[in-house]
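Residue numbers (this note's numbering), protein chains in the order written: chain W, 1 to 375; chain V, 376 to 750.
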């Protein structure tokens, strides 16, 4: 069960950037075309970036709303809880929710920086990455010692610059890197190339895990005319695909200390996918060139971490996943979140889980993975 | 445990069609362009169809081979076990394997007839479907009473013809229909339209389940330069996608007696995907128009069946799947098969499953689903 002395660490929450992030942190020459929070002539808060207006989607800031009021329409700052974008309000919302610390993914940049990857001016895009990182470390996290795990973007369209950015931000306290879960899906080399080695080497050297959020490598394959419920239900398949690619790659042979965290993918599918990968490896490794020293499930347990919000199927099969490979997330302020009932619902979900496993899953696995000790 | 009096029914095996199937069963005017088994000038058995040569892939006929000899090269009849294409030899192989009855998917037509869907001459294609069905019912299954469950193709590119074909073959003993798992992926209307209603009505009226084999609606999203082990491990995600589309559709409101069997998709993921679909439905049903009377997991348990070859994760969580929704398969003669050890391995896998559940999963669920009583 979830005892009172266990602190809840959420490894997948989200920050809605305040309008001034990039204007405050970009070098002067990039400010004009860099992201700028504005209010349009219909009274809506928008982002102007490279001359084009963009919106924050409604499902990205629903904490505290009735489910009957969920929707896909754009949302302005005054239509969301202050905790979405204000660190003091966020800490108060975490206190209400019973959450000690969290790791936040960006919103305007996309989960892994795909907004900047799509930018026309890649020099500007790289500057935007560094500006976000400086804001995340020096403002958002600095204002909340011990309660915000600093995760950074990398300019993944340029692997050498990415490695340099990792070194720069590691020196100033970054604890994690967000990275696309399926680079081959977004026009970049796959995990089966050595293209990413400079970045992976930098991440390994700095002991920073790569966090791969579902959706960062594309949307699920879904009938375009189906209800959005189907698409949302299918996003976890991205994490399954990512897992299968990673445990069938040679990355971890080259980087034996590299860690990957799968963000928001759930854990209930992990027993199935590991069993399936091992079964496939048993039968097909000879002619496919995958006659590796380690089985896929071993590779998973040494390098990959899943996380869950509510996942009874996973919690019943912790031994098939690995009690050291599971972490917890709230998803505040997104629509999967149970705010303000996170700690209560987590306690109920884990009532039959042994105390030592609860402590690992809720707190210590995340603290070890992100080198984030108690304050 | 698996007691001796329980008969093993495999709901997903495969027949490699002998070279004469279409020449024997097509109307005279279609014979010239219809599929014809030939031997090419390199001594390889090929299919000529619409003037183009095609091959049987090596992984489609590996029963009895050492795994170190698996491969993707084409295979001729004399390079495969006779049981792949000869019904008497098949029955002997089933006896060796401890399998009482099986349902066979086609090989040259593709799992659901996609070879004919891709044909230039659609009148020929429709004739090829009927020719296959006549061969399957009148020869392959007729030669093995009580041991072969007749499954038929439909000309799914023409929904009215499909409905008519269902009526025609149901009258002569068909017990199941193979149908693409994701029609929206292959250029056809999705499960969220009413396009398929005439076919679904005919299937429901004839009490024929739709069998949706993984791969029949496209290949998994996989890095093109990754090892084939990854692609094979990912095929089960097609069944997950299919399930999510179906339980988020309105099909079963319109056809309350329609059944769908997911073929070769495994079962270990079902607890996760049902939990995820219910969670999504709870949160997002209002604005997505999916405020259905039944929850996705209820829809699944009333209409959808999974099957497995080896799936310890699934067998540990039978209650989360539904003991009435699980069937077994051998996959003979494909590379997932454990021939000739099927019954031995199944017995070992089910040693801790209660006897009444074993009987349902191994035998009676399939007999009920396909209206296929003991001989």
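Every residue gets a Cβ at the ideal spot worked out from N, C-alpha and C, and that includes glycine.
| request: At 7 Å on the CB atoms, spell out the chain W contacts of residue 615(V), in chain order. | output: What residue 615(V) touches in chain W: 237.
| As assigned by DSSP and simplified to three states, the class of residue 245(W) | In this structure, residue 245(W) counts as helix in the three-state DSSP scheme.
| query | Under the three-state reduction of DSSP, which class applies to residue 305(W): helix, strand or coil? | reply | Residue 305(W) falls in the strand class under three-state DSSP.
| task | Can you tell me which of the three DSSP states residue 614(V) falls into? | result | DSSP places residue 614(V) within a helical segment (H, G or I) once states are collapsed to three.
| residue 82(W) versus residue 39(W) - alpha carbon distance | If you draw a straight line from the Cα of residue 82(W) to the Cα of residue 39(W), it comes to about 17 Å.
| Local Cβ density within 10 Å of residue 106(W), reported as buried at 16 or more and exposed below that | Per the 10 Å Cβ criterion, buried.
| Where does residue 477(V) fall in DSSP's three states? | Three-state result, residue 477(V): strand.
| field | Endpoints, the beta strand (DSSP E) within which residue 413(V) is located | value | Unbroken beta strand (DSSP E) run through residue 413(V): 411-414.
| said: When you compare the CB positions of residue 689(V) and residue 645(V), do they come within less than 8 Å of one another, or not? | reply: Contact: yes.
| request: Mind listing, in chain order, the continuous alpha helix (DSSP H) runs of no fewer than 4 residues lying wholly within the stretch 628-702 of chain V? | output: Whole alpha helix (DSSP H) segments, 4+ residues: 645-663, 671-678, 687-690, 693-696.
| task | With a 10 Å radius around its C-beta and 16 neighbouring C-beta atoms as the bar for buried, classify residue 11(W) as buried or exposed. | result | Label assigned to residue 11(W): buried.
| query | By a C-beta neighbour count over all protein chains shown, 10 Å radius and 16 as the cutoff for buried, is residue 574(V) buried or exposed? | reply | Counting Cβ neighbours within 10 Å, residue 574(V) comes out buried, since at least 16 surround it.
| query | Quick one: what's residue 53(W) bridged to in DSSP? | reply | Beta bridge pairing from DSSP links residue 53(W) with 48(W).
| query | Does any CB atom of chain V fall closer than 8 Å to the CB of residue 304(W)? | reply | By this cut-off, residue 304(W) is not an interface position.
| Chain-ordered chain W contacts of residue 620(V) [CB-CB under 8 Å] | Here the neighbours are 222, 223, 226, 230.
| When the distance is taken between beta carbons, is residue 613(V) closer than 8 Å to residue 640(V)? | The Cβ-Cβ distance between residue 640(V) and residue 613(V) falls below 8 Å.
| request: Give me whichever residues DSSP pairs with residue 449(V) in a beta bridge. | output: Looking at the DSSP assignment, residue 449(V) forms a beta bridge with 432(V).
| request: Please state whether DSSP places residue 342(W) in a helix, a strand or coil. | output: When secondary structure is reduced to three states using DSSP, residue 342(W) falls in the helix class.
| Minimum Cβ-Cβ distance from residue 503(V) to chain W less than 8 Å | Chain W contact via Cβ: absent.
| Using a Cβ-Cβ cut-off of 7 Å (strictly less than) and excluding sequence neighbours within five positions of residue 560(V), which residues of its own chain qualify? | For residue 560(V), the CB contacts under 7 Å within the same chain, skipping 5 residues up- and downstream, are 592, 593 in chain order.
| query | What residues are listed by DSSP as bridge partners for residue 523(V)? | reply | Per DSSP, 477(V).
| residue 280(W) at chain V interface by Cβ criterion, 8 Å | Output row for residue 280(W): interface = yes.
| field | Straight-line Cα distance separating residue 625(V) from residue 565(V) | value | Rounded to whole angstroms, the gap between the alpha carbons of residue 565(V) and residue 625(V) is 12 Å.
| task | Specify, as a first and last residue, the run of the alpha helix (DSSP H) that residue 143(W) falls within. | result | Neither: residue 143(W) is in no alpha helix (DSSP H) and is coded neither H nor E.
| task | Could you tell me whether the Cβ atoms of residue 255(W) and residue 201(W) are closer together than 8 Å? | result | Here residue 255(W) is near residue 201(W), since their CB atoms are less than 8 Å apart.
| field | 8 Å contact criterion, which residue 637(V) and residue 680(V) should meet: CB distance rounded | value | Yes, residue 637(V) and residue 680(V) are in contact; Cβ-Cβ is about 7 Å, under 8 Å.
| said: So, with DSSP's three-state summary, where would you put residue 330(W)? | reply: Residue state, collapsed to three classes: coil.
| message | One question on the structure: do residue 230(W) and residue 651(V) come within less than 8 Å of each other, judged by their Cβ atoms? | response | A distance of 8 Å or more separates the beta carbons of residue 230(W) and residue 651(V).
| query | If we count the other Cβ atoms within 10 Å of its Cβ and call it buried at 16 or more, is residue 41(W) buried or exposed? | reply | With fewer than 16 neighbouring CB atoms inside 10 Å of its own CB, residue 41(W) falls in the exposed class.
| Helix, strand or coil at residue 570(V) [DSSP, three-state] | In the structure shown, residue 570(V) adopts coil according to DSSP, grouped into three states.
| Under 9 Å (Cβ pairs) to chain V, residues found in the stretch 181-200 of chain W | Residues of the stretch 181-200 of chain W with a C-beta less than 9 Å from any C-beta of chain V: 182, 183, 184, 185, 189, 190, 191, 192, 193, listed in chain order.
| task | Using only alpha-carbon positions, find the residue among 568(V), 454(V), 473(V), 484(V) that is nearest to residue 396(V). | result | Among 568(V), 454(V), 473(V), 484(V), the Cα nearest to that of residue 396(V) is on 484(V).
| request: Note down, in chain order, every chain V residue with its Cβ under 7 Å from the Cβ of residue 271(W). | output: Those are 643, 688, listed as they occur along chain V.
| query | Three-state secondary structure (DSSP) at residue 107(W)? | reply | In this structure, residue 107(W) counts as coil in the three-state DSSP scheme.
| said: In this structure, how does DSSP classify residue 124(W) when only helix, strand and coil are distinguished? | reply: Residue state, collapsed to three classes: helix.
| Quick one: Cα of residue 133(W) to Cα of residue 31(W), how far? | Within the model, the alpha-carbon separation for residue 133(W) versus residue 31(W) is close to 16 Å.
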